[in-house]
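Heads up: the protein sequence lines correspond to chains A and B, in order. For the first sequence, counting from 1, position 74 maps to 324 in the numbering used here; every step adds exactly one. For the second sequence, counting from 1, position 32 maps to 691 in the numbering used here; every step adds exactly one.
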Amino acid sequence: MASIRYSQKGMATEPNAAAKKDSQQGFLYLPLIAGWLVPGAGHFLLHKWGRGALLAASILSMFVLGLAMQGKLYGGAHDVLDMLGLAGDLGNGLLYFVSRFLGLGADQVMVTTADYGTRFIVVSGLLNVIAAVDAHNLRTGRKS
Amino acid sequence: MFKPSHFAAVVLFALFASVVFGITQRETPRRMIRYGIYCFVLFVGSAIVLSWVMFLIAR
């Protein structure tokens, strides 16, 4: 009597296919929007816990350190550089809006470390946008 | 107020940016770690090299 063999490929793909099908349900842009509003949330929605935690820790740390260095939160666009800074800051999503509401961050850059802090806040916003787009790529299946 | 030195700020910046680059730009965990380390070394290394270049130009 011939024995039945199960291929590793078949055994490995079945649970993944079920998980993938599960993560494909719902609004297509939800991970993108959630990832923008809250760092790492897009990955958490897709059950990528490790990646989401590392992204959230990195982006949150960068933003908080930027504020701790008395970095400036851009509030308006008076010239082109301000506009670019505001675009970067907006990438932080809710972190930016809550910080603005609480009056955190400096209005004027007075010391060198405040200049570093301003860059930290802008770059954390840009990194958050990259992370949110990555979550969207995971959601659409463009990335595994 | 947190007041890091310029080098400490560079290292922190490189660390956080490398983690995000590693996770988002590669697919497998092994390649993510390798790319993250590569980015970190490039960030810090280029900062050190450019610092020496500026130091020598300013003399």
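Every residue gets a Cβ at the ideal spot worked out from N, C-alpha and C, and that includes glycine. Bear in mind the structure is a predicted one, so any value in this text is a computation, not a measurement.
Cβ-Cβ distance between residue i and residue j below 8 angstroms
i	j	result
Gly695 (chain B)	Ser677 (chain B)	yes
Phe702 (chain B)	Ala667 (chain B)	no
Gly212 (chain A)	Leu317 (chain A)	Nothing can be reported for residue 212 (chain A), as the shown portion of chain A is limited to 251 through 394.
Leu282 (chain A)	Leu323 (chain A)	no
Ile380 (chain A)	Val679 (chain B)	yes
Ile309 (chain A)	Leu377 (chain A)	yes
Collapsed DSSP secondary structure at residue i in the structure displayed
i	result
Ala673 (chain B)	helix
Ala382 (chain A)	helix
Ala356 (chain A)	strand
Span separating the alpha-carbon of residue i from that of residue j
i	j	result
Phe277 (chain A)	Phe313 (chain A)	29 angstroms
Lys298 (chain A)	Leu331 (chain A)	36 angstroms
Leu296 (chain A)	Lys393 (chain A)	12 angstroms
Ser311 (chain A)	Asn387 (chain A)	24 angstroms
Gly292 (chain A)	Trp286 (chain A)	8 angstroms
Gly681 (chain B)	Arg690 (chain B)	8 angstroms
Phe714 (chain B)	Arg301 (chain A)	39 angstroms
Ala356 (chain A)	Gln275 (chain A)	43 angstroms
Ala337 (chain A)	Gly325 (chain A)	10 angstroms
Pro688 (chain B)	Gly290 (chain A)	17 angstroms
Ser664 (chain B)	Met319 (chain A)	11 angstroms
Phe661 (chain B)	Ala306 (chain A)	21 angstroms
Residue from the options whose Cα sits closest to the Cα of residue i
i	options	result
Leu671 (chain B)	B:Phe699, B:Arg718, B:Thr683	B:Phe699
Phe675 (chain B)	A:Ala303, A:Leu280, A:Ala284	A:Ala303
Ala364 (chain A)	A:Leu334, A:Phe294, A:Gly321, A:Phe347	A:Gly321
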